[in-house]
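Colleague:
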Amino acid sequence: MTRRGAAAGVALLAALLSAERGESQDVDRQIRDNTQRLDEIRRERNQLEEELTRLRGRA
Numbered sequence: 001m002t003r004r005g006a007a008a009g010v011a012l013l014a015a016l017l018s019a020e021r022g023e024s025q026d027v028d029r030q031i032r033d034n035t036q037r038l039d040e041i042r043r044e045r046n047q048l049e050e051e052l053t054r055l056r057g058r059a
């Protein structure tokens, strides 16, 4: 393999690793965002269940 070929191989490997890290960060961000959304949905559901229980008690 020539020096130019080796350099191209190293550059390609570096680019692939960088892209993989970027994708990993995107996945991590999506997981965090989805976890926050799920927590918000659970809080809202709990509030609505409490309100429903309160309203049923009045009826």
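Each residue of the sequence shown is one higher than the last, beginning at 1 in my numbering.
Cβ atoms here follow ideal geometry from the backbone N, Cα and C, with glycine treated the same way.
In three-state terms, what does DSSP make of A19?
Modeller: It is helical.
Colleague: Distance, Cα to Cα, T35 vs L48?
Modeller: 20 angstroms
Colleague: Any idea what DSSP makes of A14, helix, strand or coil?
Modeller: helix
Colleague: Does DSSP classify T2 as helix, strand or coil?
Modeller: coil
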